[in-house]
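In our numbering, the protein residues as written are 4 to 79.
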């Protein structure tokens, strides 16, 4: 399981990120504090605290180009 931090600072970013996650075959969750949401669910993502960086948890093996797919949302 890999964890990566991303920042989703607008509704548009949430919508685009969710669409990208719908193209990935691996289960991906977003974690904010003690709350978790399916990365494919726009409503789930919007229930998280988007004012902070969010942990991306990839279940199993991370897809080969996963970080490239989400690079515009990565927190350095």
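All C-beta atoms in this analysis are idealised placements derived from N, C-alpha and C, irrespective of residue type, glycine included.
Exposure of residue 77 is indicated by the presence of fewer than 16 other C-beta atoms within 10 angstroms of its C-beta. Between the beta-carbon of residue 33 and that of residue 22 there is about 14 Å, and that puts the pair past the 8 Å contact cut. Residue 79 is not a Cβ neighbour of residue 53, given a cutoff of 9 Å. About 6 Å separates the Cβ atoms of residue 61 and residue 31, confirming a contact at the 8 Å cut-off. Counting along the chain, residue 31 sits inside the beta strand (DSSP E) bounded by residues 31-35.
With 16 or more other Cβ atoms inside 10 Å of its own Cβ, residue 57 counts as buried.
Under DSSP, residue 41 forms a beta bridge with 32.
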